[in-house]
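Here the sequence shown is numbered in my numbering, starting from 23 and rising by one per residue.
This report refers to the structure that appears directly beneath it.
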Amino acid sequence: MQYRVLLTLISAAALVSGCASQPKGLDKIREEADRAALVTASSGATLIKDAESRAADASAQETYRFAPVLTREAMASLEEAREVQSKGKADDAVRSQALAAIATFDRAIAHTSIARETLAPALAHLEVLNAIGSPAYFPTGYQKVSESFDGIIRVLEQTGAPASTAQSQHQLLTAMHDLEVETIGFINLQEIRTTLDNLQEAGAQKLIPQSYAVARSALAAAEDLIATSPRAEGGIATLRERALNSASHAQVIMAMVNEILNANPDSAESLVLRTERWLYNIGTALKFPDIRHLPMDEQSRQLADGVEELLQR
């Protein structure tokens with residue numbers, strides 16, 4: 023039955039709730055149930071069925087998550103009602119426990135509605151963290167956020183006062199934002215960060231300071247946008263592409279610089295001729311005459327003019 027599924031769920035919630043103080047008014051619910059049991063016309067069996075129906079409603083509303091103590095107490099009363107009935111004790115004892123279960127389930131359902139409304143911002147942010155994979159990328163950070171959220175739920179259930187959670191929810195939202203930024207940054211920029219870190223270890227700041235600085239600046243711009251607007255997908259994609267291209271360019275320049283630095287006098291001419299060949303291949307594609315007798319900067323200028331002229335035809 024559904025209420026037995028709920029019992030399993032609230033048992034797990036009890037481990038989180040620990041020894042938290044009981045919600046205000048719980049003793050009053052029990053006292054009123056004892057009095058009502060003496061005057062109700064419903065049998066204990068009927069009331070147990072009503073309580074089981076409430077348990078199913080509570081499960082659907084996830085009261086085990088938002089009102090764990092109330093839910094646990096309601097389930098305990100329901101189980102006690104069933105046990106008292108199975109032992110053949112007086113029906114008023116069965117009715118008392120069943121009525122306590124019904125009233126406590128009702129209280130849990132009502133409180134859950136309040137909790138969902140009060141914690142709507144944190145709930146929405148939690149969904150975002152789950153959607154982007156924060157639990158997988160940063161399990162420790164996500165666990166801390168989840169524990170803070172559960173702590174707020176416990177306080178709210180105990181006090182029944184939404185205002186009691188205002189400051190703690192604000193702090194939680196800040197922590198959630200930081201985790202979202204960390205996750206989005208990792209997903210979009212970790213490859214680039216690794217590339218630039220490797221270049222730094224290889225001496226890029228000394229060997230290719232301009233290209234390396236441009237790449238670092240592009241990465242910083244992407245990180246700044248993510249830090250302030252982690253859901254600006256379009257802007258992040260644009261800056262990520264720019265940073266990725268800058269990092270790739272720095273890798274290319276670093277490779278060429280190292281090749282030059284590691285060259286010996288016998289291979290110097292071949293390096294120059296290879297560069298010249300690149301320009302010559304472009305000229306051949308453009309049907310240009312052989313202009314390799316010109317300085318390379320002049321070759322590149324004429325080839326650029328040729329491309330522009332071709333595009334204007």
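C-beta atoms are modelled at their ideal positions from N, C-alpha and C, and glycine is treated no differently.
{"Check": "Leaving out five residues before and five after Val-150 in sequence, what residues of the same chain have Cβ atoms less than 7 Å from its Cβ?", "Outcome": "Glu-202"}
{"Check": "Which class does Phe-88 belong to by DSSP, given the choice of helix, strand or coil?", "Outcome": "helix"}
{"Check": "Within its chain, find whatever has a CB closer than 6 Å to the CB of Ala-142; leave out the 5 residues flanking it on each side and keep chain order.", "Outcome": "none"}
{"Check": "Rounded to a whole number of angstroms, what is the C-alpha to C-alpha distance between Leu-37 and Val-274?", "Outcome": "With a pLDDT of 41 at Leu-37, under the threshold of 50, the modelled position of this residue cannot be trusted, and the question is left open."}
{"Check": "Can you tell me whether DSSP reads Ser-251 as helix, strand or coil?", "Outcome": "coil"}
{"Check": "Does the separation of the CB atoms of Ala-112 and Ala-96 fall below 8 Å?", "Outcome": "no"}
{"Check": "Among the candidates His-315, Arg-314, Leu-308, whose CA atom is the shortest distance from the CA of Glu-352?", "Outcome": "Since the first residue shown for the chain is 23 and the last is 335, residue 352 is missing from the structure and cannot be characterised."}
{"Check": "Just checking my contact of Ser-170 with Ala-188 at CB under 8 Å: how many whole Å lie between their CB atoms?", "Outcome": "Going by Cβ atoms, the distance from Ser-170 to Ala-188 rounds to 14 Å, so no, they are not a contact pair."}
{"Check": "Any heavy atom of the ligand MG inside 7 Å of the beta-carbon of Gln-273?", "Outcome": "In the structure shown, the ligand MG is absent, as is every other ligand, since no ligand is present at all."}
{"Check": "Relative to the alpha-carbon of Gln-321, which residue among Asn-303, Ala-137, Gln-334, Ile-124 has its alpha-carbon at the smallest distance?", "Outcome": "Asn-303"}
{"Check": "Taking Cβ to Cβ, would you say Ala-125 is nearer than 8 Å to Leu-69?", "Outcome": "no"}
{"Check": "When the distance is taken between beta carbons, is Ile-154 closer than 8 Å to Thr-205?", "Outcome": "yes"}
{"Check": "On a Cα-Cα basis, can you pick out the residue from Ile-136, Gln-165, Leu-60 that is closest to Leu-148?", "Outcome": "Gln-165"}
{"Check": "By alpha-carbon positions, which one of Val-177, Glu-263, Ala-123 ends up nearest to Phe-50?", "Outcome": "One detail in the question is off: residue 50 reads as Lys in this sequence, not Phe. Ranking the options by Cα distance to Lys-50, first place goes to Ala-123."}
{"Check": "So what does DSSP say about Gly-66, is it helix, strand or coil?", "Outcome": "helix"}
{"Check": "Do Ala-89 and Thr-134 have their C-beta atoms closer together than 8 Å?", "Outcome": "yes"}
{"Check": "Answer with buried or exposed for Gly-110, where buried requires no fewer than 16 other C-beta atoms within 10 angstroms of its C-beta.", "Outcome": "exposed"}
{"Check": "For Arg-296, count neighbouring C-beta atoms within 10 Å of its own C-beta (all shown protein chains included) and say buried if the count is 16 or more, exposed if not.", "Outcome": "exposed"}
{"Check": "Quick check on the DSSP output: the alpha helix (DSSP H) that includes Lys-109 runs from which residue to which?", "Outcome": "Looking at the DSSP string, Lys-109 is not in any alpha helix (DSSP H), and its letter there is neither H nor E."}
{"Check": "On the CB-based measure, 16 or more other CB atoms within 10 Å of its CB, does Met-276 come out buried or exposed?", "Outcome": "buried"}
{"Check": "In the DSSP assignment, the alpha helix (DSSP H) including Ser-150 goes from what residue to what residue?", "Outcome": "Here residue 150 turns out to be Val, not Ser, going by the sequence shown. Unbroken alpha helix (DSSP H) run through Val-150: 142-153."}
{"Check": "Which same chain residues, not among the five before or five after Ala-326, have their C-beta less than 8 Å away from its C-beta?", "Outcome": "none"}
{"Check": "Quick one, are the C-beta atoms of Ala-265 and Ile-214 less than 8 Å apart?", "Outcome": "yes"}
{"Check": "If we count the other Cβ atoms within 10 Å of its Cβ and call it buried at 16 or more, is Leu-316 buried or exposed?", "Outcome": "exposed"}
{"Check": "Grab me the residues of Thr-318's own chain with a C-beta within less than 8 Å of its C-beta, minus the 5 sequence neighbours each way, in chain order.", "Outcome": "Inspection of the sequence shows that residue 318 is occupied by Met rather than by Thr. Closer than 8 Å at the Cβ level, and outside the excluded window around Met-318, lie Thr-297, Glu-298, Leu-301."}
{"Check": "Relative to the alpha-carbon of His-271, which residue among Ser-289, Ala-235, Ala-285 has its alpha-carbon at the smallest distance?", "Outcome": "Ala-235"}
{"Check": "Applying the criterion that 16 or more other CB atoms from any shown protein chain within 10 Å of the CB defines a buried residue, is Pro-45 buried or exposed?", "Outcome": "buried"}
{"Check": "Spatial neighbours of Leu-332 within its chain, please: C-beta separation below 8 Å, excluding the five flanking residues on both sides.", "Outcome": "Leu-308"}
{"Check": "Output yes or no for whether 8 Å exceeds the beta carbon distance between Ser-168 and Val-177.", "Outcome": "no"}
{"Check": "Given a cut-off of 8 Å, decide if Ala-59 and Asp-114 are closer than it, judged by their beta-carbon atoms.", "Outcome": "yes"}
{"Check": "Measuring alpha carbon to alpha carbon, tell me which of Leu-211, Ser-75, Arg-94, Val-91 ends up nearest Ala-249.", "Outcome": "Leu-211"}
{"Check": "Thinking C-alpha only, which one of His-192, Gly-257, Thr-62, Ser-99 is nearest Ala-77?", "Outcome": "Ser-99"}
{"Check": "Report the rounded CA-to-CA distance for Ala-55 versus Glu-84, giving the unit in angstroms.", "Outcome": "24 Å"}
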